[in-house]
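Just so you know, the UniProt record's numbering puts 73 at position 73 of the sequence shown, and the rest follows in order with no gaps. Cβ atoms here follow ideal geometry from the backbone N, Cα and C, with glycine treated the same way.
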Amino acid sequence: MFSLSEYALRMTCLSARLFGEIARPTDSKSMKETYDWYPNHNTYFALIGDTDFKDEQLRLKKLRGKGKPRKGEGKRATKKK
1 MFSLSEYALR MTCLSARLFG EIARPTDSKS MKETYDWYPN HNTYFALIGD
51 TDFKDEQLRL KKLRGKGKPR KGEGKRATKK K
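Here's what the structure looks like:
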């Protein structure tokens with residue numbers, strides 16, 4: 001019979017932990033508890049104000065004139081002229 005090496009077992013366990021899968025086989029009761037433990041990402045994604053903060057910072061930069069230059073007005077374009 002073919003058995004996985006210790007390294008392969010460790011890597012599969014690590015990838016399961018990283019990507020949100022269950023690392024070790026469990027019964028159905030434990031599986032339900034495990035799934036209930038981790039919140040849905042979609043539920044908490046709407047509560048994150050990070051994207052609003054970034055948008056606000058970009059808006060304030062544009063008001064101060066610190067935004068990205070238009071095409072043809074960057075550093076390299078001004079050197080050539």
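Residue i versus residue j - alpha carbon distance
i, j, result
"Leu14", "Gly67", "42 Å"
"Glu56", "Ala16", "37 Å"
"Phe19", "Thr12", "11 Å"
"Met1", "Tyr7", "Since pLDDT at Met1 reaches only 49, below the 50 mark, its modelled position is unreliable, and the value read off the structure follows with that caveat. When rounded, the distance between both Cα atoms is 18 Å."
"Lys79", "Arg59", "28 Å"
"Arg10", "Ser30", "22 Å"
"Pro69", "Ser5", "55 Å"
Nonlocal neighbours in the same chain, by C-beta distance under 6 Å from residue i, ignoring five residues either side
i, result
"Lys71", "none"
Cβ shell of residue i (< 7 Å), same chain only, five flanking positions each side left out
i, result
"Ala77", "none"
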